[in-house]
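Novice: Heads up, the sequence shown is in full-length UniProt numbering, so the first residue is 1 and it goes up one at a time.
Just so it is clear, CB atoms sit at the ideal spot from N, CA and C, and this is done for glycine as well.
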Amino acid sequence: MSNFVSVARDGGVAVVTIDNPPVNALSFHVREPLMHALVWLRDEPGVAAIVIACAGRTFVAGADITEFGKPVQQPDLRAIIAVLETVAKPTVAAIHGTALGGGLELALGCHFRVADAAAKLGLPEVKLGLLPGGGGTVRLPRLVGALKALSMIVSGTPIGAAEALAAGLVDAVFEGGLTAQAVGFASEMVDKGGSFTPVRGRDGRLDQAELPEFDTQVGELAKKARGLEAPIACAQSVRNAITLPFKEALAAERELFAKLVAGDQSRAQRHLFFAEREAAKVGAKDIVRRKIARVGVIGAGTMGGGIAMAFANGGFPVTLLETTQEALQRGLATIEKNYAVSVARGSLSEDTKRQRLDLFKGSTDYGDLADCDLIVEAVFEEMAVKKDVFGRLDAVAKPGAILATNTSYLDVNEIAASTSRPQDVLGLHFFSPANVMKLLEIVRAEKTAPDALATVVELARRIGKVPVVVGVCHGFVGNRMLAARGSESEALLLEGATPQQIDQVFTDFGWPMGPFQMGDLAGLDIGWRNRKARGQTAIIADTLCEQGHFGQKTGSGFYRYENGSRTPAPNPQVEALIRDKAAENGIAPRAIGAEEIIERTLYPMINEGAKILEEKIAARASDIDIVWVNGYGFPVGKGGPMFWAGLEGVDKIIGRLDHWHERTGKDVFKPAPLLRQVAETGAWEGATSQTA
Ligand code: T1G
1 MSNFVSVARD
11 GGVAVVTIDN
21 PPVNALSFHV
31 REPLMHALVW
41 LRDEPGVAAI
51 VIACAGRTFV
61 AGADITEFGK
71 PVQQPDLRAI
81 IAVLETVAKP
91 TVAAIHGTAL
101 GGGLELALGC
111 HFRVADAAAK
121 LGLPEVKLGL
131 LPGGGGTVRL
141 PRLVGALKAL
151 SMIVSGTPIG
161 AAEALAAGLV
171 DAVFEGGLTA
181 QAVGFASEMV
191 DKGGSFTPVR
201 GRDGRLDQAE
211 LPEFDTQVGE
221 LAKKARGLEA
231 PIACAQSVRN
241 AITLPFKEAL
251 AAERELFAKL
261 VAGDQSRAQR
271 HLFFAEREAA
281 KVGAKDIVRR
291 KIARVGVIGA
301 GTMGGGIAMA
311 FANGGFPVTL
321 LETTQEALQR
331 GLATIEKNYA
341 VSVARGSLSE
351 DTKRQRLDLF
361 KGSTDYGDLA
371 DCDLIVEAVF
381 EEMAVKKDVF
391 GRLDAVAKPG
401 AILATNTSYL
411 DVNEIAASTS
421 RPQDVLGLHF
431 FSPANVMKLL
441 EIVRAEKTAP
451 DALATVVELA
461 RRIGKVPVVV
471 GVCHGFVGNR
481 MLAARGSESE
491 ALLLEGATPQ
501 QIDQVFTDFG
511 WPMGPFQMGD
521 LAGLDIGWRN
531 RKARGQTAII
541 ADTLCEQGHF
551 GQKTGSGFYR
561 YENGSRTPAP
571 NPQVEALIRD
581 KAAENGIAPR
591 AIGAEEIIER
601 TLYPMINEGA
611 KILEEKIAAR
621 ASDIDIVWVN
631 GYGFPVGKGG
641 PMFWAGLEGV
651 DKIIGRLDHW
661 HERTGKDVFK
671 PAPLLRQVAE
681 TGAWEGATSQ
691 TA
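(1) State whether the region 232 to 252 contacts the region 205 to 215, with contact taken as three or more CB pairs (one from each stretch) at a distance under 8 Å.
(2) Is DSSP giving Val15 helix, strand or coil here?
(3) When you compare the region 310 to 317 with the region 484 to 495, are there three or more beta-carbon pairs, one atom per stretch, that lie closer than 8 Å?
(4) Is it the case that the Cβ atoms of Pro515 and Ile502 are separated by a distance below 8 Å?
(5) From what residue to what residue does the beta strand (DSSP E) around Asp116 run?
(6) Which complete beta strand (DSSP E) runs does the region 284 to 327 hold, if anything under 3 residues is left out?
(7) What does Val5 pair with, by DSSP beta-bridge criteria?
(8) Kindly provide the ranges of any alpha helix (DSSP H) runs that are 4 or more residues long and lie completely inside the region 566 to 637, ordered along the chain.
(9) What's the gap between the Cα of Lys616 and the Cα of Thr352?
(10) Taking Cβ positions, are Gly136 and Ile153 nearer each other than 8 Å?
(11) Does any heavy atom of the ligand T1G sit closer than 7 Å to the C-beta of Asp625?
(12) Quick one: does Trp684 have its CB under 8 Å from some CB of chain D?
(13) Where Ser622 and Ala275 are concerned, what is the direct C-alpha to C-alpha distance, given to the nearest angstrom?
(14) Apart from the five residues just before and just after Ala162, which ones in its own chain have a Cβ nearer than 8 Å to its Cβ?
(15) Measuring CA to CA, which of Gly176, Ala149, Val183, Ile292 is closest to Leu169?
(16) Please classify Asp358: does DSSP put it in a helix, a strand, or coil?
(17) My output table needs one value for Ile463: the three-state DSSP class, helix, strand or coil.
(18) Which word fits Asp76, buried or exposed, when buried means at least 16 other C-beta atoms lie within 10 angstroms of its C-beta?
(19) Is the Cβ-Cβ distance between Gly331 and Gly301 less than 8 Å?
(20) Output the boundary residues of the alpha helix (DSSP H) element that contains Thr543.
(21) Of all the options Pro21, Phe28, Arg42, Pro22, which has the alpha carbon lying nearest to the alpha carbon of Val7?
(22) Quick one: give me the first and last residue of the beta strand (DSSP E) that Ile65 is part of.
(23) How big is the Cα-Cα spacing for Gln579 and Phe558?
(24) Confirm, please, whether the CB-CB distance from Gly305 to Thr324 is below 8 Å.
(25) By DSSP, does Phe430 sit in helix, in strand, or in coil?
(26) From this set, Pro450, Gly496, Val39, which residue's C-alpha is nearest Ile80's C-alpha?
(27) Opposite Glu377 in the DSSP bridges: which residues?
(28) On the DSSP letters alone, give me the boundaries of the beta strand (DSSP E) that residue 700 sits inside.
(29) In whole angstroms, what separates the C-alpha of Val279 from that of Asn571?
(30) Which whole-angstrom value describes the C-beta separation of Cys473 and Arg462, a residue pair presumed to lie in contact below a C-beta threshold of 8 Å?
(31) Restricting to Cα atoms, I'd like to know which of Ala449, Gly535, Pro568 is closest to Met513.
(32) Ends of the beta strand (DSSP E) at Cys54?
(33) I'd like to confirm something about Thr66: is its beta-carbon nearer than 7 Å to some heavy atom of the ligand T1G, or not?
(34) Counting only the same chain and skipping the five closest in sequence on each side, list residues whose C-beta sits under 8 Å from that of Arg590.
(35) Which residues share a DSSP beta bridge with Ala94?
(36) Among residues of its own chain, excluding the 5 on either side of residue 693, which ones have a beta-carbon nearer than 7 Å to its beta-carbon?
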């Protein structure tokens, strides 16, 4: 056969094994020999049944994403499944690891599916801006019903083997010895005899009576789609499975897929898929990572508690340190309450809650951190306080322990210099809530040892975080660009835009919310404290804070929040304040359009990203995209600020930055040299190396 597909015989059962590391993607060099094998075995008289299995850690995890955007090489997945469905003898998919996308669709082409108990099965194409293009939207509903299929396909979330068995997606679940069990299962089917109906012929679970409920659910998801096309297309294709004959539904799926795969949104989301993995490739493969068995967290407040939960959720024992028993107990109680809320919501079992809580040890004695391999401080955001903490850590932490600061802004080199072991010091900038938000900015200080850096990058992925290594500067990557994005917000208000108008431009762009709603949510006092520390002012926001209006937590900020509601309502006081301040500054309000708002917020942020690349604070433009999508809600369908700059047109961005720079004289608009280079070369990476 081939290096990627082999056939073995076990009695009358032929076992086809796919072996295409690392995830058995259905690359062309797999599809071609697989097709030959299936045609041969279909017609081979001595073969009574066919099992399709995979070598390595997982069943087929999907089509080969690197092939998208290139001419399709036949046979494609659909052709393989079509042949599978002409096989009269029993066909069985033996699923372990994660059968995803085209992998699950291949399995749906078989008469039967058997799974290892730890296996997961899903159709995550929506996360790539696609829909299942190998018949998944029309075959899956025939096994699990349209509503379950809708939920799986629009969420893209895999389900476990037990759930798949209960739903009718798999026919048997085995604990170990999967291939042998699959052969046994196939032999039983042979012994049972009779004819075997392929999934395409099973219409029993398709019920037109489900359409009203189906359409209601689709209406709900459309409200949350925020301009993304794939979820809507997924729903349409599953609906077609109910309302159209199989062949027509399959043809419609193919059309929807062809449109999505060629579109900018899928290109953007595929860019993010690979960018996330690229960002995590830190340190040569032969670097020996340090062993992390126990984690210490200093500070049991909002951030410290969230960080401690993030590690406990990843299975790490945590020593949580506070200055007083009262503060410690308050922190532990908050953690317990958070887990209890998850249990009440059904997203966490009582057992898992107990297991996680058992991982916590509380203390008020620094000496109790002596057995920790990684210690993260999440104390007050002031350099003197941080230096005191690191001085004390230096005295108690064991040799080789990694000492991490959770600072959002401060100079990690200066913090490292307050210890005798700067090689072990780095930043772990978690985003609040730290146990929820995916992004983890890992700050590489000048003297951080390569193995320390590689250790925490790998650790970040183990606890489900998306790591991006950044250099030392004020605000690193995310917050530095956030400052650039917000630098004109007040000017726009004084010149005539309202907070709700600006926020609307952002939500129309695809952001979950705009800057003023976000400020009210996070608390205006945080930004106020940062500005005061840096001798900066923001007329409107400072005035609101001086009057005690911090946003949601005080019932009013840029918006009003009636009776504890979290729904923002326009705030007449703010509109009056803006008018007064504009008059005081001799500014005559004017109508401001959406385009100008985009140019004066998002373009400066891209410009700052270019400066970050020039200064090598970020290794590559796609790292910046990963920061913004995972830390700040940049719309995935636009691929992150730097990818979107390509869609928007770097020339256009430069032209408008020049315009606003001439008009305002503000540096935030002065195009970075790299930006001009990218306009010529058309690519961030090449231009970066030329300027670095
Ligand atoms: N195609 C090509 N390469 C892939 C790949 C894929 N489908 N999946 C993973 N890789 C690469 C990845 O880039 C990395 O490469 C290495 O494998 C290890 O991945 C027709 C259209 C399976 C859960 O969306 O979710 O089928 O960086 O670091 O953390 O309807 O990979 O080492 O060079 O992620 O253990 C649908 C995508 C495709 C699944 C394993 N399938 N993959 O996670 O390893 S579209 C997916 C994953 C499709 C059909 C449609 C994860 C994983 P490198 P990794 P991991």
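Specialist: Well, looking at it:
(1) Yes, the region 232 to 252 touches the region 205 to 215.
(2) Along the sequence shown, one-based indexing puts residue 15 at 15. DSSP, reduced to helix, strand and coil, places Val15 within a strand of the structure shown.
(3) With a cut-off of 8 Å, the region 484 to 495 and the region 310 to 317 do not count as touching, because too few Cβ pairs lie within range.
(4) Indexing the sequence shown from 1 puts residue 515 at position 515. Indexing the sequence shown from 1 puts residue 502 at position 502. Cβ atoms of Pro515 and Ile502: closer than 8 Å.
(5) Stepping through the sequence shown from its first residue, residue 116 is reached at position 116. Following the DSSP letters along the chain, one finds Asp116 inside the beta strand (DSSP E) bounded by residues 112 to 116.
(6) Given a length threshold of 3 residues, each whole run of the beta strand (DSSP E) inside the region 284 to 327 is given here in chain order: 295 to 298, 318 to 321.
(7) By one-based count along the sequence shown, residue 5 stands at place 5. Ile18, per the DSSP bridge assignment.
(8) You should have 572 to 584, 594 to 614, 621 to 631.
(9) If you number the sequence shown from 1, residue 616 lands on position 616. If you number the sequence shown from 1, residue 352 lands on position 352. C-alpha separation (whole angstroms): 42 Å.
(10) Taking the sequence shown and counting its residues from 1, the one referred to as residue 136 is at position 136. Taking the sequence shown and counting its residues from 1, the one referred to as residue 153 is at position 153. The Cβ atoms of Gly136 and Ile153 lie closer than 8 Å to each other.
(11) On the sequence shown, residue 625 is found 625 positions in, with the first residue counted as 1. Checking every heavy atom of the ligand T1G against the Cβ of Asp625, none is found closer than 7 Å.
(12) Although the question refers to chain D, the structure presented lacks it and comprises just one protein chain.
(13) For the purposes of this step, residue 622 is taken as residue 622 along the sequence shown, with counting starting at 1. For the purposes of this step, residue 275 is taken as residue 275 along the sequence shown, with counting starting at 1. Distance from the CA of Ser622 to the CA of Ala275, rounded to the nearest whole angstrom, comes to 6 Å.
(14) Here residue 162 is taken as the residue at index 162 of the sequence shown, counted from 1. Only Ala117, Val173 meet the Cβ criterion.
(15) Here residue 169 refers to the residue found at position 169 of the sequence shown. Cα-wise, what sits closest to Leu169 is Ala149.
(16) The residue given as residue 358 occupies position 358 in the sequence shown. DSSP places Asp358 in coil when its eight states are reduced to three.
(17) Position 463 of the sequence shown, counted from the first residue, corresponds to residue 463. In the structure shown, Ile463 falls within a coil segment according to DSSP collapsed to helix, strand and coil.
(18) For the purposes of this step, residue 76 is taken as residue 76 along the sequence shown, with counting starting at 1. Per the 10 Å Cβ criterion, buried.
(19) On the sequence shown, residue 331 is found 331 positions in, with the first residue counted as 1. On the sequence shown, residue 301 is found 301 positions in, with the first residue counted as 1. Contact flag set, yes.
(20) Locating residue 543 in the sequence shown gives position 543, counting from the first residue. First-last of the alpha helix (DSSP H) with Thr543: 539 to 546.
(21) Along the sequence shown, read from residue 1 onward, the residue named residue 7 stands at position 7. Distance from the Cα of Val7 is smallest, within the candidate group Pro21, Phe28, Arg42, Pro22, for Arg42.
(22) For this step, residue 65 is matched to residue 65 along the sequence shown. Here Ile65 belongs to no beta strand (DSSP E), and DSSP marks it neither H nor E.
(23) By 1-based counting over the sequence shown, the position of residue 579 is 579. By 1-based counting over the sequence shown, the position of residue 558 is 558. The identity of residue 579 in the sequence shown is Arg, whereas the question assumes Gln. Spanning the two alpha carbons is a distance of roughly 14 Å.
(24) The residue labelled residue 324 in the question sits at position 324 within the sequence shown. The residue labelled residue 305 in the question sits at position 305 within the sequence shown. Not in contact: Thr324 and Gly305 (Cβ atoms no closer than 8 Å).
(25) The residue given as residue 430 occupies position 430 in the sequence shown. Reduced to three states, the DSSP call for Phe430 is strand.
(26) Position 80 of the sequence shown, counted from the start, is the residue given in the question as residue 80. Checked all of Pro450, Gly496, Val39; the closest Cα to Ile80 is Val39.
(27) Walking along the sequence shown from the start, residue 377 turns up at place 377. Answer by DSSP bridge pairing, in chain order: Ile298, Thr405.
(28) The displayed coordinates of the chain run from 1 to 692. Any statement about residue 700 would go beyond what the structure contains.
(29) On the sequence shown, residue 279 is found 279 positions in, with the first residue counted as 1. On the sequence shown, residue 571 is found 571 positions in, with the first residue counted as 1. Contrary to the premise, residue 279 reads as Ala rather than Val in this sequence. As the crow flies, the alpha-carbon of Ala279 is around 42 Å from that of Asn571.
(30) Locating residue 473 in the sequence shown gives position 473, counting from the first residue. Locating residue 462 in the sequence shown gives position 462, counting from the first residue. Approximately 28 Å separates the beta-carbon atoms of Cys473 and Arg462; this is outside 8 Å, ruling out the contact.
(31) Position 513 of the sequence shown, counted from the start, is the residue given in the question as residue 513. Looking at the Cα atoms, Pro568 is the closest of the given residues.
(32) Working through the sequence shown from its first residue, we reach residue 54 at position 54. Bounds of the beta strand (DSSP E) holding Cys54 are 49 to 54.
(33) Along the sequence shown, read from residue 1 onward, the residue named residue 66 stands at position 66. Answer for Thr66: yes, Cβ within range of the ligand T1G.
(34) On the sequence shown, residue 590 is found 590 positions in, with the first residue counted as 1. Closer than 8 Å at the Cβ level, and outside the excluded window around Arg590, lie Glu495, Gly496.
(35) For this step, residue 94 is matched to residue 94 along the sequence shown. Ala94 pairs with Val114.
(36) Residue 693 cannot be examined here, being either before or after the span of the chain that is shown, 1 to 692.
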